[in-house]
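Undergrad:
And the structure:
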């Protein structure tokens, strides 16, 4: 997988890369949010978050509504780190997408939408079509 290969060049795990990207683009990001969106186990997410925290990449802030839960934010250093890594992924994704015709893009997006709904329903036992 290309994402794993890229993560290896950075000397981080694919899971760390995935979580770093989520933190960068998700407002009010919590460990629960990451688990729900990635289907990763809580223990895995917690281990990555703990590692990021110890390296000074993230900071944790208590939610006023629930002091047991914390939102995850990139520190100044974490933002600089992520900005060296994540934009390259987006740039490559856009470049690959540009290789497709308009019709191919529409078909791909529709197929991904159908797949995502089916996968979510199968994993979570849901029957709606979000």
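In UniProt numbering, the protein residues as written are 1 to 130. Ideal placement from N, C-alpha and C gives every residue a C-beta, glycine not left out.
1. Could you pull the DSSP bridge partners for residue 62 from this structure?
2. If you draw a straight line from the alpha carbon of residue 132 to that of residue 69, how long is it in whole angstroms?
3. Report back the beta-carbon spacing between residue 57 and residue 75 to the nearest angstrom; my notes put them in contact at under 8 Å.
4. Please list the terminal residues of the continuous alpha helix (DSSP H) segment that includes residue 5.
5. Taking the C-alpha atoms as reference points, what is the distance between residue 125 and residue 89?
6. Compare the beta carbon distance of residue 22 and residue 12 with 7 Å and say whether it is the shorter of the two.
7. Would you decide whether residue 31 is buried or exposed? Buried here means 16 or more other CB atoms lie within 10 Å of its CB.
8. Residue 114 to residue 93, Cα distance in whole Å?
9. What residue from 53, 95, 40, 102 has the CA that sits closest to residue 79's CA?
10. Use the C-beta contact count for residue 96: other C-beta atoms within 10 angstroms, 16 or more gives buried, fewer gives exposed.
11. So, is residue 63 buried or exposed, given that buried needs 16 or more other C-beta atoms within 10 angstroms?
12. Taking the beta carbon of residue 122 as the centre, do at least 16 other beta carbons fall within 10 Å, making it buried, or is it exposed?
13. How close, in whole Å, do the beta carbons of residue 3 and residue 17 come, if the pair is a contact with beta carbons under 8 Å?
TA: According to the structure data:
1. 70
2. Because the chain spans 1 through 130 in this model, residue 132 falls outside it and cannot be assessed.
3. 6 Å
4. 2-9
5. 32 Å
6. no
7. buried
8. 20 Å
9. 53
10. exposed
11. exposed
12. exposed
13. 6 Å
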